[in-house]
Amino acid sequence: MKTIAITDAAEIEAIIRKCPYCTVGITDPEGNPYVVPMNFAYRDGIIYLHSGPEGGKVAMAERHPRICITFCEGHELVYMHRQVACSYSMKSRSVMCHGNVRFIEDMDEKRRILDIIMQQYTSDEFKYSEPAVRNVKVWEVKVEKMSCRSFGLRPSEV
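In case it helps, the numbering used here puts the sequence shown at residues 538 to 695.
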């Protein structure tokens, strides 16, 4: 099975938009990787995330703001030869992004970003109470490096 790079910006953005969540890789206090699924929004080269105001992942991202965010879609089991185990693969497409977290503190900016995140999942409009906005941590990650791959392609699909 083949793996190819995808470089078309519109195709990469379409892959991101199809994903219901992303996985965020952070460095823990011992220097180990810590990967957690999170809801997100993507707009104009920026990934927005939100979480509780404190906790493990927030503390880790504050200490080590360099993170990796991955999106993966289109999971399909494929094979070249049904009776040959090593010919099996998972056909999918993934996007990997690197950047630094900036935590948003301004209440109006947090509301604006929460609207962007909610637009990823629903067309409904929301009003956010002051306590709700104060008690959410809004993450902004400007994508500095992005790569995209399509995996599990048969030679005829390349």
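All residues carry an ideal CB built from backbone N, CA and C; glycine is no exception.
Is the beta carbon of Ala598 closer than 8 Å to that of Val638?
yes
For the putative contact between Lys674 and Val595, defined by C-beta atoms under 8 Å, what is the C-beta separation to the nearest angstrom?
6 Å
Name the two residues that bound the continuous beta strand (DSSP E) containing Tyr571.
Pro570 to Met575
Check whether the stretch 642-651 touches the stretch 556-565, counting contact only when three or more Cβ pairs, one atom from each stretch, lie closer than 8 Å.
no
How many Å lie between Lys679 and Val621 at the Cα?
43 Å
Contact under 8 Å by Cβ, Phe688 with Lys628
yes
Apart from the five residues just before and just after Gln657, which ones in its own chain have a Cβ nearer than 6 Å to its Cβ?
Ala578
Please look up how many angstroms separate the CB atoms of Trp676 and Tyr585, rounded, as I've assumed it's under 8 Å.
7 Å
Are there three or more Cβ pairs, one per stretch, closer than 8 Å when the stretch 550-557 is compared with the stretch 605-613?
yes
At which residues does the alpha helix (DSSP H) containing Arg648 begin and terminate?
Met644 to Tyr658
Determine, using beta carbons only, whether Cys605 and Met575 come nearer to each other than 8 Å.
no
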